[in-house]
Each structure stands twice: as structure tokens, then as C-alpha cells.
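K.L.:
Just so we're aligned, residue 396 is where the sequence shown starts under the working numbering, counting upward by one.
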Amino acid sequence: MKVFKFGGASLESIERIRQVGQIVQSFPDEKLLIVISAMAKTTNELEKVAENFYLRKKEIAAQLLFNIEQGHLRVAEGLLGTTEHPVFQQLQQFFTEAEWTLGEKPMRTYDYYYDQLVSLGELLSTAIVSAYFNTIGLNNEWLDVRDVFRTDDNFRDANIDWVYTQKQVTEKVVPLFNKTNIVITQGFIGSTDQNESVTLGREGSDYSAAVFANMLDAESQTIWKDVEGLKNADPKLFPNTVNIPEISYAEVIEMAYYGAQVIHPKTIKPLQNKQIPLLVKCFLDKNLPGTVIREEADTRKLPPIIVLKKNQVLLTITSKDYSFITEDKISDIYEIFHGLKIKINLMQNGAINFSCCIDNNPEKIELLIKTLHQQFKISYNEGLELLTVRYYQPAMLEELSNGHQVMLEQRSGSTIQRLWKK
Ligand SMILES: Nc1ncnc2c1ncn2[C@@H]1O[C@H](COP(=O)(O)OP(=O)(O)O)[C@@H](O)[C@H]1O
Ligand SMILES: N[C@@H](CC(=O)OP(=O)(O)O)C(=O)O
């Protein structure tokens, strides 16, 4: 059995969905569990629906939802060539449920409503792709992953109950493969024990696929992307990138940790635990070699790996009374960051100050400053970028840094990080 994951970019248009169909047709004798994300930027649009609903701008929310509905109905009709197919009733049912949510008075947390609304994207895309596949001879079963992935109620970043979910996979998913070779299901979403929809964190479909691969003991997981494979930098940000034919799990975990937005950071662990290789392949040309990610790979063959995190803020936290920033103070500072779920991307401390670089999230930063302000003086600088280079060569580093004012730098072994202003 193989696990495939198709992300939003591969479902961006009718043509691309047809291309996905051709890729799957080229694996005629395989058992495939296919995890699918929401089409194109649907998740971003649904986030706007949730925001407007919670701000009680119900008409705007309803209009945005209507636009999403029209877009999906057009794609479904384009692929199926009719509006008479039963999938239109299934889509209608999903929209009706979302409209019911919009009709409620928000009594629970924003994150709860976010998940009830944003989970719609994957339900719609999988229903359409499943119906289309059946019409082109790719007989498949559509699976509602919320009947399988049980999580806690940490809405927007729910944690999977591995024991219960494994039982569901064994009892509900494995038998489906006696009926069919292809099972299509949603990435990114799951359900609590109260049957409330949850999401697993943005871009979490790679992780969903890895959970399935682990629990089904798959021979491999393939993530189909719009790039030729995993490259040494984001080709949208840097010219002259090179493809990496093979790389270790450990190296990819590092890349994801430093902010490479190509594979979700939680994806590697479930695969590493069962030694399942992760393949990154290009849906635009499936004959390109792509990348194999596995336990053993020779790091000596790796090119310099570059990760750029934009929209960073440098916070400098200084003790008000000139007392030293000692372990107890650092521990207080960390507790505050942890409480607000703010990740520190880089940190450095001096005698009376502690500097750190974080993502620019204005609401969280406002709360953070308010809390820290009781004990410390705070200054901050925004509009920064954090560059990380592994296996760097001095000349290329200087070339990359040209024209930037470096605010903070850290080197360790083969890795260098520079926080800079343009
Ligand atoms: N090191 C990298 N190698 C390849 N692609 C990268 C890298 N870092 C960032 N990317 C970006 O990841 C994009 C593909 O991922 P993503 O857009 O999340 O796909 P999907 O949502 O379809 O799964 C590419 O278009 C590319 O711009
Ligand atoms: N649709 C979700 C989950 C996801 O993983 O999407 P993608 O595979 O397109 O990154 C998101 O946009 O966050």
C-alpha cells in the first residue's frame, strides 16, 4: 500500500485535477490511500468566513461562503459535465451545515468556530475528486476522516489520539481495501469524541498522510507538489536552486524547524518511527526524479540549504532595574512565551537583556508586551527576515547578505542564522 498526498496547488483548476487523475491512473495495480487538501486557496477564504462570522458580520460571511460554493460547483460541473450527479447533494449538505453554523450566535471560542467552518474545504475537495475519479474508471471509496481521526479539543491545533485512531484505521479503513484499490480522504481535519470537527494546524495534510502511512504500515508516502522535488531553497524566493535527490529525515526536520515551507514539520516523526520513505514528486511531470527522504542519506553530498523566514520581529527584553538576566528570569520569560504559544525562532542573551526573534503576529505580540511590561523594558523592531543556511560557504553567505543590515547572528557547527533588515 502507498499513501499519496495532493495539496491545494495540485487541485487549483479543472485541468490540474484531470492531471491528478492521470497520475493516479498510472498506478493501476496499487492500493492507494489518497489524502487531499482543500482546493487552491480555499482554506484562506474559509478563514475569512470564520473571522467575519465571529465579528458578527454575518452578511459578509454568508457572501464569502456563497462565493466558495459557486466556485466549487463550477469545478464539479466542469469535471463531471453535468449537475445531475449525486455528489451535488453531498456538496449541498456540507454547505447547509456551514450555513447552520453561520446562523448561530457565537457562544464558544473563535478557534472552535474556525474549525467547524474551515474543515469544509477538505470535505468539498475530496467529494469532488472522488466523484470525478469514479467517472474516469478510478473506482474509489470516499472516507470521512472525522470517523477515523480522533483528537482532543485543542481546536486549530488538535492532537491525535493515537491508540483510538489506530483502532479506527484497522477496523474501518483496512477493510475498505477489500472492496476497492483507492480510498480518498481529507487531510488537515479530524474530530473530537463529541463529534466536533477539528483542524490539525495549517498545512497539516502532509501530517495526516504520514499518520495514515504509519498506521497502515505503508511502503511509502508520496507528496505531489508543483516543484521538481525538495530543493536547497524555495525557488519562489531564490534563483538557481538545485533539486536534492536524497536527504535524511533528520535534515528535513531541521529544514522544517528553521521554517522551510515545503513539508509540515510534524510529518517526519510518524514516518521515521516506521522507517517509511517520504517521496516528494512533481505533479506537473511525474517522470522527474523528485526527492527521497529516509533514514540514511549522505550529508556530504548536500548543497548549502537556505531557508528564509519573512515578517520577523526582534524583541529586546531588558531588566528595568539593571538586575542580571539570570536563569530564573529566563525561565519566567519562557513561561510567558509558552503560555501565549509563541515560538522563539532565535534567541540571545546579554547581562541585562534577552533578545529574541519571533513571527509577526500583532495580537499575540500586544499581549506578550503587556505581560512582560510589568517586569521588563521592551523594545522591538519589525519588518525583518531570518536567514538560515546549513552547510554554508562564506562567499555565498556574503553574496546573500549584500545590502542587508544584520541585527543578530548565530553560528553553530554547519549552521548560520542571520536576522536582517533590508
Ligand atoms: N526547499 C524547498 N524546496 C521546494 N519547494 C519549496 C522549498 N521551500 C519552499 N518551497 C515551496 O513549496 C511550494 C510547494 O508547497 P505547497 O505550496 O505547500 O504545496 P501544497 O499546498 O500543494 O502541498 C513550492 O511551490 C515552493 O515555492
Ligand atoms: N488546506 C489546509 C491543509 C493543507 O495542508 O493544505 P496544503 O496541502 O495545500 O498546504 C491549509 O491550507 O492549511
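Where a beta carbon is used, it is the ideal one built from N, C-alpha and C, also for glycine. In this text, all values refer to a predicted model and were calculated from it rather than measured experimentally.
Verify whether the separation of the beta carbon atoms of V430 and L533 is less than 8 Å.
P.N.:
As a first step, residue 430 is located in the sequence shown; it is residue number 35 there, counting from the start. As a first step, residue 533 is located in the sequence shown; it is residue number 138 there, counting from the start. No, Cβ-Cβ distance for V430 and L533 is not below 8 Å.
K.L.:
Give the straight-line distance between the Cα atoms of K631 and A655, rounded to the nearest whole angstrom.
P.N.:
Your numbering for residue 631 matches position 236 in the sequence shown. Your numbering for residue 655 matches position 260 in the sequence shown. Answer to the nearest angstrom: the Cα atoms are 12 Å apart.
K.L.:
Return the first residue and the last residue of the alpha helix (DSSP H) that Y652 is part of.
P.N.:
Residue mapping note: residue 652 aligns to position 257 of the sequence shown, counting from 1. Where Y652 is concerned, the enclosing alpha helix (DSSP H) stretches over 644-652.
K.L.:
Can you tell me whether M742 is helix, strand or coil according to DSSP?
P.N.:
Position 347 of the sequence shown, counting from 1, holds the residue named residue 742. Of the three classes helix, strand and coil, the one that applies to M742 here is strand, per DSSP.
K.L.:
What are the boundary residues of the alpha helix (DSSP H) that includes D601?
P.N.:
For the purposes of this step, residue 601 is taken as residue 206 along the sequence shown, with counting starting at 1. Run containing D601: 600-610, per the alpha helix (DSSP H) assignment.
K.L.:
Counting beta carbon pairs with one atom in the region 618-625 and one in the region 664-679, are three or more of them shorter than 8 Å?
P.N.:
yes
K.L.:
Name the residue from E499, T491, Q484, P481 whose alpha carbon lies nearest to the alpha carbon of K453.
P.N.:
Reading the sequence shown from its first residue, position 58 is the one you call residue 453. Answer by Cα proximity: E499.
K.L.:
Using a threshold of 7 Å, is the CB atom of F550 nearer than that to any non-hydrogen atom of ligand 2?
P.N.:
Within the sequence shown, numbered from 1, the residue matching residue 550 stands at position 155. Incorrect: F550 has no Cβ contact closer than 7 Å to ligand 2.
K.L.:
Measuring from the CB of G654, is there a heavy atom of ligand 2 at a distance below 7 Å?
P.N.:
Along the sequence shown, read from residue 1 onward, the residue named residue 654 stands at position 259. No - ligand 2 has no heavy atom lying nearer than 7 Å to the Cβ of G654.
K.L.:
Just jot down, in chain order, the residues whose CB lies closer than 5 Å to any heavy atom of ligand 2.
P.N.:
G402, G403, S432, A433, T438, F583, R597, E598, S600
K.L.:
How far does the alpha helix (DSSP H) with E780 in it reach, from first residue to last?
P.N.:
Here residue 780 corresponds to residue number 385 of the sequence shown, with the count starting at 1. Per DSSP, E780 belongs to no alpha helix (DSSP H); it is in the beta strand (DSSP E), 771-785.
K.L.:
Hey, could you find the ends of the beta strand (DSSP E) V702 is sitting in?
P.N.:
Indexing the sequence shown from 1 puts residue 702 at position 307. Looking at the DSSP string, the run of the beta strand (DSSP E) that includes V702 is 700-714.
K.L.:
As an exercise, report each continuous beta strand (DSSP E) stretch of at least 3 residues that is fully enclosed by the region 528-592, in chain order.
P.N.:
535-538, 577-581, 584-586
K.L.:
Do we get a CB-CB distance below 8 Å when we pair D547 with the residues of chain D?
P.N.:
In the structure shown, chain D does not exist; there is a single protein chain.
K.L.:
Could you check what DSSP says for Q788 in three-state terms: helix, strand or coil?
P.N.:
Within the sequence shown, residue 788 is the residue found at index 393, counting from 1. Looking at Q788 - three-state DSSP - the assignment turns out to be coil, as it is neither helix nor strand.
K.L.:
Within 10 Å of its beta-carbon, does R785 have 16 or more other beta-carbons around it, so buried, or fewer, so exposed?
P.N.:
Here residue 785 refers to the residue found at position 390 of the sequence shown. R785 is buried by the Cβ-count criterion.
K.L.:
Count the other CB atoms within 10 Å of the CB of F749; is the residue buried (16 or more) or exposed (fewer)?
P.N.:
The residue labelled residue 749 in the question sits at position 354 within the sequence shown. Buried, because 16 or more other Cβ atoms sit within 10 Å of the Cβ of F749.
K.L.:
In angstroms with no decimal places, state the Cα-to-Cα distance between R503 and V708.
P.N.:
Sequence index remark: in the sequence shown, residue 503 carries index 108 (1-based). Sequence index remark: in the sequence shown, residue 708 carries index 313 (1-based). Using only the alpha carbons, I get a separation of about 31 Å.
K.L.:
Please tell me whether V543 and T565 are closer than 8 Å, where the distance is taken between their beta carbons.
P.N.:
As a working note, residue 543 is residue 148 in the sequence shown. As a working note, residue 565 is residue 170 in the sequence shown. No, the Cβ-Cβ distance between V543 and T565 is not below 8 Å.
K.L.:
Using the Cα positions of P570 and A608, report the straight-line distance between them to the nearest angstrom.
P.N.:
Numbered from 1 along the sequence shown, position 175 holds the residue referred to as residue 570. Numbered from 1 along the sequence shown, position 213 holds the residue referred to as residue 608. P570 and A608: Cα-Cα distance of roughly 16 Å.
K.L.:
Measuring CA to CA, which of A471, E479, I455 is closest to S525?
P.N.:
Within the sequence shown, residue 525 is the residue found at index 130, counting from 1. Taking only the C-alpha atoms, the option nearest S525 is A471.
K.L.:
Near F583, what residues of its chain come up, given a Cβ to Cβ distance below 7 Å and the 5 sequence neighbours on each side ignored?
P.N.:
The residue you call residue 583 lines up with position 188 of the sequence shown. These residues qualify, in order along the chain: S432, E517, T594, L595, G599, S600, S603.
K.L.:
Taking the CB atoms as reference points, tell me whether T521 and I577 lie closer together than 8 Å.
P.N.:
To locate residue 521, count along the sequence shown from 1; it is residue 126. To locate residue 577, count along the sequence shown from 1; it is residue 182. In this structure, I577 does not lie closer than 8 Å to T521 by Cβ.
K.L.:
Where D424 and I523 are concerned, what is the direct C-alpha to C-alpha distance, given to the nearest angstrom?
P.N.:
Your numbering for residue 424 matches position 29 in the sequence shown. Your numbering for residue 523 matches position 128 in the sequence shown. C-alpha separation (whole angstroms): 23 Å.
K.L.:
Roughly how many whole angstroms lie between the Cα atoms of L611 and N744?
P.N.:
One-based indexing of the sequence shown puts residue 611 at position 216. One-based indexing of the sequence shown puts residue 744 at position 349. For L611 and N744, the distance between alpha carbons rounds to 46 Å.
K.L.:
Spatial neighbours of K705 within its chain, please: C-beta separation below 6 Å, excluding the five flanking residues on both sides.
P.N.:
Counting from one through the sequence shown, the residue named residue 705 turns up at place 310. Cβ within range, chain order: E780.
K.L.:
Cβ of K626 versus every heavy atom of ligand 1: is any distance shorter than 7 Å?
P.N.:
Taking the sequence shown and counting its residues from 1, the one referred to as residue 626 is at position 231. Yes, the beta carbon of K626 sits closer than 7 Å to at least one heavy atom of ligand 1.
K.L.:
Relative to ligand 1, is the shortest distance from any of its heavy atoms to the C-beta of D680 smaller than 7 Å?
P.N.:
Counting from 1 along the sequence shown, the entry for residue 680 is found at position 285. False, no ligand heavy atom lies under 7 Å from that Cβ.
K.L.:
Quick check on DSSP: helix, strand or coil for R451?
P.N.:
Looking up residue 451 in the sequence shown gives position 56. Reduced to three states, the DSSP call for R451 is coil.
K.L.:
I555: which of K574, Y509, A605, L519 sits nearest, CA to CA?
P.N.:
Position 160 of the sequence shown, counting from 1, holds the residue named residue 555. Among K574, Y509, A605, L519, the Cα nearest to that of I555 belongs to A605.
K.L.:
Exposed or buried, V622, counting other C-beta atoms within 10 Å across all chains shown (16 or more means buried)?
P.N.:
As a first step, residue 622 must be located in the sequence shown, where it is residue number 227. Buried, by the Cβ-count rule.
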